[in-house]
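Under numbering that gives the first Met the number 0, the final residue of the sequence shown carries the number 420; numbering is consecutive throughout.
Every residue gets a Cβ at the ideal spot worked out from N, C-alpha and C, and that includes glycine.
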Amino acid sequence: MVSEQGAGKAPGLLSNRFIQTIILSNVLLQIGIWVRNFAILLYVAERTNNDPYAISLISVAEFAPIFVFSFIGGTFADRWMPRRTMIWCDLLSAVSVFVVLFAIHFGSWQSVYFVTFISAILSQFSQPSGMRLFKEHVPEQQLQQGMALFQSLMAIFLVLGPMLGTFFYSSFGLEVSVAVMGFVFLLSALVLVRLPKDKVKPAAEAGKGQFRKEFVEGFSYVWKSRVLRMLGVSFLLAGLAVGLAQALNLFIVTERLGKPEKFLQYMLMVNGGAMLIGGGVIAAISKRVQPQVLLAIGMTASALCTVIVGFSTSVPVTLTTQFVNGLVFPCIHIGISTMILKWSHASIVGRVNGVLNPLFMGMMVLSMSFAGALKNAYPLVSIFTVAGILFLIGALAMIPIMKYKSAESSAESLDTASSGA
């Protein structure tokens, strides 16, 4: 496991073959995902004359699989060989894209929803497998730095992705855009062949037919771990707060700032650019800061920034606050991902991820769904203040586990694994 690389001085993060391979694969996947998202969004909007129901179905196709398949995918990620799982998921995604492309070519335009739906399902098997490999092939002292590196990559595409997707659709149309997605998924599968070979586990056969038991063990493991339990609370609160703020950002632009709707893209670009800088800074200092401290800092700063954005009627103040929020927001993502890896035994990382990830996504989608009703009943200032309070409570949830150290986490993970088995 990690000890193989941890004996002696660990090599630099970027010299790790696993990291190099995963980064290249993720770059390709991000290109495909952003081209897909914007090509389908623009195509459906154009085809249905901006029908809200048709457009909302895109989000349903993207997020629904998280609730249905995240627990299942996490369990299978712990049972199957992770490298093989990731390669097959990318290959099947590519095949499904080309099948849908064939259907689109012959007039079934509604099949565009299946491109998003199928790839979202497969990602629920691939993503926890990647987390498991991360645990196996990256030394523990470099886990947080690795998470910061991936946060920076996500931030880059948060800025470039919308432009890339819009360019492909505007220049080449839907069919070429969908074909690009299929091609990059295929390339990603080929790149993943470079990953270290899976370690064959003889015990895998003994676990056959025990899916239900292993499925339940994921929930039991999280519940028995004080650290993961408190992380779940923060996850839930952060999801509620993020959903409220994201759903109503457009009204901040039009009502509080008095700007046209297009101004929202500048807010997002400022936020995304700051996230890129923040991810780089955290990568540099991550070895000296505990992940639960990072998470608490990120949520406290987000609480303050969310309230300021709700109250502000000044464009410079709002943009500055968005920049500061983007600068510290990677603390949340990096802190959460690192805590999952550090406080989960390698044999159960997939299931822990499968339990915790839907908490955030589920609460985010839930708060986004009733944000419109809240907007009709309460002023924006009140709603953004509530979102800020949710962030603050999530930060306070870290206080009981603030002193937990890495060495203690390893012991707790192993104890919990043995008691839950």
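Query                                                                                                                                                                   : Result
In angstroms with no decimal places, state the Cα-to-Cα distance between T165 and L355.                                                                                 : 33 Å
So, under 8 Å CB-CB, F133 and C88 are touching, yes? Tell me the CB distance rounded to an integer number of Å.                                                         : With a Cβ gap of about 16 Å, F133 and C88 do not count as contacting.
Go through its chain and collect everything with a Cβ distance to G436's Cβ below 7 Å, but skip five positions before and after it.                                     : One cannot answer for residue 436 here, as it falls past the ends of the chain, which runs 0 to 420.
Flag this pair as touching only if the stretch 54-62 and the stretch 111-119 have three or more C-beta atom pairs under 8 Å; answer yes or no.                          : yes
I'd like to check one pair, G309 with T253: are the Cβ atoms closer than 7 Å?                                                                                           : no
So K134 is in the alpha helix (DSSP H); what residue range does that whole segment cover?                                                                               : 111-136
For the structure I just gave you, are there three or more beta carbon pairs, one from the stretch 172-187 and one from the stretch 86-101, closer than 8 Å?            : yes
What is the DSSP secondary structure of T47, reduced to helix, strand or coil?                                                                                          : coil
Which of the three DSSP states is assigned to Q19 in this structure?                                                                                                    : helix
Specify the secondary structure class of Y42 as computed by DSSP and reduced to three states.                                                                           : helix
What is the DSSP secondary structure of G421, reduced to helix, strand or coil?                                                                                         : No answer is possible for residue 421: the residues shown for the chain start at 0 and end at 420.
Taking a contact to mean a Cβ-Cβ separation below 7 Å, would you say P357 touches F66 in this structure?                                                                : yes
Under 7 Å, Cβ to Cβ, is there at least one residue of chain D near L12?                                                                                                 : No chain D is part of this structure, which consists of one protein chain only.
Ignore the nearest five residues each way along the sequence and tell me which others in N324's own chain have a CB closer than 8 Å to its CB.                          : N270, A273, A300, S301, C304, T305, V308
Check each candidate in L227, Q144, G349, G160 and name the one with the smallest Cα separation from M268.                                                              : G160
Please return the same chain residues whose Cβ sits closer than 6 Å to the Cβ of L13, not counting the five positions on each side in sequence.                         : none
Which ranges would you report for the beta strand (DSSP E) in the stretch 324-403 if only whole runs of at least 3 residues count?                                      : none
Looking at the structure shown, is K196 part of a helix, part of a strand, or coil, going by DSSP?                                                                      : coil
Can you list, in chain order, the residues of its chain with a C-beta nearer than 6 Å to that of F322? Leave out the 5 residues immediately preceding and following it. : V269, A273
Check whether the stretch 169-176 and the stretch 75-93 touch, using three or more Cβ-Cβ pairs below 8 Å as the test.                                                   : no
Output needed for A396: all residues of its chain with C-beta closer than 8 Å, excluding positions within five of it in sequence on either side, in chain order.        : M229, V232, S233, L236
Which term fits K212, buried or exposed, when burial requires 16 or more other beta carbons within 10 angstroms of its beta carbon?                                     : exposed
CA-CA distance, I22 and F149?                                                                                                                                           : 8 Å
When you compare only the Cα positions, how much space is there between P378 and L239?                                                                                  : 18 Å
Closer than 6 Å by C-beta to G206: which residues in its own chain qualify, once you throw out the five before and the five after it? Chain order, please.              : Residue placement at G206 cannot be trusted, given a pLDDT of 49 that sits under 50; the coordinates are not used to answer.
DSSP three-state call for K223: helix, strand or coil?                                                                                                                  : helix
Out of V348, N248, I339, which one is the CA nearest neighbour of I382?                                                                                                 : N248
Taking the Cβ atom as the reference point for each residue, do F144 and A282 lie within a distance shorter than 7 Å?                                                    : The residue you asked about is not Phe; residue 144 is Gln in the sequence shown. Yes, Cβ-Cβ distance for Q144 and A282 is below 7 Å.
Mapping the DSSP letters down to three states, classify G257 as helix, strand or coil.                                                                                  : coil
Roughly how far, in whole angstroms, is the beta-carbon of R16 from the beta-carbon of R193, given that I think they are within contact range, below 8 Å?               : 7 Å
Return the CA-CA distance between K374 and V380, expressed in angstroms with no decimal places.                                                                         : 10 Å
Which whole runs of the alpha helix (DSSP H) in the stretch 52-106 are 4 residues long or more, in chain order?                                                         : 81-104
Could I get the ranges of all uninterrupted alpha helix (DSSP H) runs contained in the stretch 263-331, with 4 residues as the minimum, in chain order?                 : 263-284, 290-310, 314-327
In whole angstroms, give me the CA-to-CA distance for I400 and R287.                                                                                                    : 17 Å
May I have the straight-line CA-CA distance separating M0 from P138, to the nearest angstrom?                                                                           : At M0, the pLDDT of 39 sits below 50, so the modelled position is not reliable and the matter cannot be decided from this model.
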